[in-house]
Amino acid sequence: MSHAMRKEENALHDNDLGRVIPCNELDWGDPIKWLRLGLNDMVKAPLISLFYGLVFTIIPLLITYLVSLTENHLVIAPALVAFMMLGPFLAAGLYDTAWEFEKGHTPSLWHSIKAMHRNSVHEWAFAILLLVTMIFWLRVASIIHALYPPYVGDDLTELIPFLAVGTAVGAILATFVFTISAFTQPTLVERKVDLMTAVLTSINAVWSNKGVMMLWAFIILACVAIGFVTYFFAFLVIMPLLGFASWHAYIDAVTTKRERKYM
29 MSHAMRKEEN ALHDNDLGRV IPCNELDWGD PIKWLRLGLN DMVKAPLISL
79 FYGLVFTIIP LLITYLVSLT ENHLVIAPAL VAFMMLGPFL AAGLYDTAWE
129 FEKGHTPSLW HSIKAMHRNS VHEWAFAILL LVTMIFWLRV ASIIHALYPP
179 YVGDDLTELI PFLAVGTAVG AILATFVFTI SAFTQPTLVE RKVDLMTAVL
229 TSINAVWSNK GVMMLWAFII LACVAIGFVT YFFAFLVIMP LLGFASWHAY
279 IDAVTTKRER KYM
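Below is the structure:
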C-alpha cells in the first residue's frame, strides 16, 4: 500500500495564531492500514493495552452509575459523550507506546504515563480546552432537556424532536472536536510545539483530507457505538486499538523532515 504523499497546497497557512505543520495526502485505504498497525502494537504491548483499556472501560461505567443516582437518565448519554471528548488526551500513553516501538525501544507503562508531562503546559492546556468543550456540551444538553416537556407518553414518536435536536447538536460538536483533536495530542506528545500550532496542524490535516478523515471518523464512531451497546466492555479492546491506530494516522498525515520507520 502506498505511503502518503506530500500535498502542494494546504487548507491553512502560518498565521498570527501559530505555525501550521504541512500535511500529506492520504489514501482511502489508509484507515484500514492504521487499524492493522494498531492491532500489531496491541499484540506487542498486551499489558499496557489492557491498562488503558480498563481506564476507558471503568470511567464510563462509573459515570453511568453516578449519573443514574440522580434519577435523570436523559443526561447519561451527554455525560458519556463528554467523556469520549477527553479520549484524545487520555490516549497520550498509547501514542507514547507506539512511538517507542517505532524507535525500536521496549515500551513501559510508567514511560507511557509520563508522556503527558513531555510537553506538559500545552498538553494540559489542550485538556482544559477539551474540558471546556465538554462542559459546554453538558450545558447545551441540559438546556435541550429543560426545554423538552417533562412527560413522555406511550408513543415513542414524542421523543423524536428531542432526539433529533440533541443528535444534531451533538454531531456538530463532535465534528468540531474531531477536527481540532484528531492530530493535536500526538503532535504535542512528539514535538515541542505550542497548543495553537498543534490545533491548527490538526485542522489543516483534517480539512485537506476531508474524505479520508470522514471515513476515519465513521470508523471511530462505529467502534464507539459497539462499545456502548456492549455496556462499555468492548472498550477493553477497542480504545487501545483506536489509540494506537490514531498514532499511525498521525504519522501518515503530518509531514516530517525524515521518513518514518514503522512496521
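Using the working numbering, read the sequence shown as starting at 29 and increasing by one per residue. Every residue gets a Cβ at the ideal spot worked out from N, C-alpha and C, and that includes glycine. Remember, predicted model here, so these are calculated numbers, not experimental data.
- [ ] Please list, in chain order, all residues of the same chain as Phe164 whose beta carbon is under 7 Å from its beta carbon, the five residues on each side excluded.
- [x] Here residue 164 corresponds to residue number 136 of the sequence shown, with the count starting at 1. Excluding sequence positions up to five before and after Phe164, its CB lies less than 7 Å from no other CB in the same chain.
TODO: At 4 residues or longer, and completely inside the region 200-288: list those alpha helix (DSSP H) runs for me, N to C.
DONE: Listed in chain order, the complete alpha helix (DSSP H) runs (minimum 4 residues) inside the region 200-288 are 212-218, 223-236, 238-257, 263-281.
- [ ] Report the rounded CA-to-CA distance for Trp127 versus Thr212, giving the unit in angstroms.
- [x] Position 99 of the sequence shown holds residue 127. Position 184 of the sequence shown holds residue 212. Their backbone Cα atoms lie some 15 Å apart in a straight line.
TODO: Could you give the DSSP three-state label for Pro135: helix, strand or coil?
DONE: The count along the sequence shown starts at 1 and reaches residue 135 at position 107. Here Pro135 sits in coil by DSSP.
Task: Rounded straight-line distance, which links the Cα of Gly132 to that of Leu249 - done: For the purposes of this step, residue 249 is taken as the residue at position 221 of the sequence shown. For the purposes of this step, residue 132 is taken as the residue at position 104 of the sequence shown. A straight line joining the alpha-carbon of Leu249 with that of Gly132 spans about 32 Å.
TODO: Please classify Glu36: is it buried, with 16 or more other beta-carbons within 10 angstroms of its beta-carbon, or exposed?
DONE: By one-based count along the sequence shown, residue 36 stands at place 8. Reliability fails at Glu36, whose pLDDT of 44 lies under 50, so the model's placement of it is uncertain and the value that follows must be treated cautiously. Residue environment analysis places Glu36 among the exposed positions, since fewer than 16 neighbouring C-beta atoms fall within 10 angstroms of its C-beta.
Task: Where the alpha helix (DSSP H) through Tyr80 begins and ends - done: Residue 80 sits at position 52 when you count from the first residue of the sequence shown. If you look at Tyr80, you'll find it in the alpha helix (DSSP H) that goes 74-96.
Open item on the list: Using CA atoms only, rank isn't needed, just tell me which of Ala273, Thr203, Trp235, Pro268 is closest to Glu53.
Closed with: Within the sequence shown, residue 53 is the residue found at index 25, counting from 1. Taking only the C-alpha atoms, the option nearest Glu53 is Trp235.
Open item on the list: Counting C-beta neighbours from all protein chains within 10 Å, is the total for Ile231 16 or more, i.e. buried, or is it exposed?
Closed with: Here residue 231 corresponds to residue number 203 of the sequence shown, with the count starting at 1. With at least 16 other beta carbons inside 10 angstroms of its own, Ile231 counts as buried.
TODO: Return the CA-CA distance between Val221 and Phe246, expressed in angstroms with no decimal places.
DONE: Translated into positions along the sequence shown, residue 221 becomes position 193. Translated into positions along the sequence shown, residue 246 becomes position 218. A direct Cα-to-Cα measurement between Val221 and Phe246 gives close to 29 Å.
Open item on the list: I need the DSSP call for Ala119, collapsed to helix, strand or coil.
Closed with: The residue you call residue 119 lines up with position 91 of the sequence shown. Assignment of Ala119 by DSSP, reduced to helix, strand and coil, places it in the coil class.
TODO: Measure from the alpha carbon of Ala253 to the alpha carbon of each residue in Trp152, Ile266, Tyr123, then state which is nearest.
DONE: Taking the sequence shown and counting its residues from 1, the one referred to as residue 253 is at position 225. Out of Trp152, Ile266, Tyr123, the CA that lies nearest to the CA of Ala253 is found in Ile266.
- [ ] Would you mind giving the Cβ-Cβ distance between Ile172 and Gly194, rounded to the nearest angstrom? I have them listed as a contact below 8 Å.
- [x] If you number the sequence shown from 1, residue 172 lands on position 144. If you number the sequence shown from 1, residue 194 lands on position 166. Right, the Cβ-Cβ distance comes to about 6 Å (below 8 Å), so this counts as a contact.
- [ ] Within its chain, find whatever has a CB closer than 8 Å to the CB of Thr323; leave out the 5 residues flanking it on each side and keep chain order.
- [x] The requested residue 323 is not part of the displayed model; the chain covers only 29 to 291.
Open item on the list: Suppose contacts are defined by Cβ-Cβ distances below 8 Å. Is Pro59 in contact with Leu269 by that definition?
Closed with: For this step, residue 59 is matched to residue 31 along the sequence shown. For this step, residue 269 is matched to residue 241 along the sequence shown. No.
Open item on the list: Counting C-beta neighbours from all protein chains within 10 Å, is the total for Ile279 16 or more, i.e. buried, or is it exposed?
Closed with: Walking along the sequence shown from the start, residue 279 turns up at place 251. By the neighbour-count rule (16 or more Cβ atoms within 10 Å), Ile279 is buried.
TODO: Report, in whole angstroms, the separation of the C-beta atoms of Tyr123 and Gly271, which I expect to be a contact under 8 Å.
DONE: For this step, residue 123 is matched to residue 95 along the sequence shown. For this step, residue 271 is matched to residue 243 along the sequence shown. About 7 Å; that satisfies the 8 Å criterion.
Task: Supposed close pair Leu20, His150 - CB separation, criterion 8 Å - done: In the structure as shown, the chain starts at 29 and stops at 291, and residue 20 therefore has no counterpart that could be examined.
Task: Closest residue to Ala119 among Arg219, Ala210, Thr283, Phe129 (Cα-Cα distance) - done: Here the question's residue 119 lines up with position 91 in the sequence shown. Looking at Arg219, Ala210, Thr283, Phe129, the one whose alpha-carbon comes closest to that of Ala119 is Ala210.
Open item on the list: Would Ala273 and Leu137 qualify as a contact pair, given that the criterion is a beta-carbon distance under 8 Å?
Closed with: For this step, residue 273 is matched to residue 245 along the sequence shown. For this step, residue 137 is matched to residue 109 along the sequence shown. No. Outside cutoff.
Task: Gly46 (DSSP reduced to helix, strand or coil) - done: Position 18 of the sequence shown holds residue 46. Reduced to three states, the DSSP call for Gly46 is coil.
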